[in-house]
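A.B. asks:
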Amino acid sequence: MAVAWFQHPRNLFDVLREAISTHHVLSLYQGLGTKNLQSFIAQFVYFYGYSYFKRLYLERSGAKRIGTKANLVIAALAGACTAIATQVSH
């Protein structure tokens, strides 16, 4: 029995079986380009934010290198900026 388009599939196997039986396997990849673009932007924002906060920390602290605690704080700040910049509000 095929799963109708308006019914919720019970599990991943149902989705795969339906895609194969209806010859719509490529539909499983729908939205992949948009997801890749979002991932690229998020990684760029994270790296830029991390580099900015790292440079700011080194300049203000006068330290030559970053310790583990400071590195974790900088990474958390960069992650927060990434989330703010890339999450779509509903």
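Residues 13 to 102, numbered by my numbering, are exactly what the sequence shown covers, in order.
Heads up, the beta-carbon is just placed ideally off N, CA and C, and yes, glycines get one too.
All values reported here derive from a predicted model rather than from experimental measurement.
Are the beta-carbon atoms of Tyr58 and Gly91 separated by less than 8 Å?
C.D. replies: Start at 1 with the first residue of the sequence shown, and residue 58 comes out as number 46. Start at 1 with the first residue of the sequence shown, and residue 91 comes out as number 79. Taking 8 Å as the Cβ cut-off, Tyr58 and Gly91 qualify as a contacting pair.
A.B. asks: Could you pull out every residue in the same chain whose Cβ sits closer than 7 Å to the Cβ of Ile53, ignoring the five residues on either side in sequence?
C.D. replies: Here residue 53 is taken as the residue at index 41 of the sequence shown, counted from 1. So the qualifying residues of the chain are Thr98.
A.B. asks: Which of helix, strand or coil does DSSP assign to Lys76?
C.D. replies: As a position in the sequence shown, residue 76 is number 64, starting the count at 1. Three-state result, Lys76: coil.
A.B. asks: Check whether the region 60-68 and the region 79-89 are in contact - that is, three or more C-beta pairs closer than 8 Å.
C.D. replies: Yes, since at least three Cβ pairs between the region 60-68 and the region 79-89 fall closer than 8 Å, the two stretches touch.
A.B. asks: Which of helix, strand or coil does DSSP assign to Gly61?
C.D. replies: By one-based count along the sequence shown, residue 61 stands at place 49. In this structure, Gly61 counts as helix in the three-state DSSP scheme.
A.B. asks: Kindly indicate which three-state DSSP category Val27 falls into: helix, strand or coil?
C.D. replies: Your numbering for residue 27 matches position 15 in the sequence shown. Val27 falls in the helix class under three-state DSSP.
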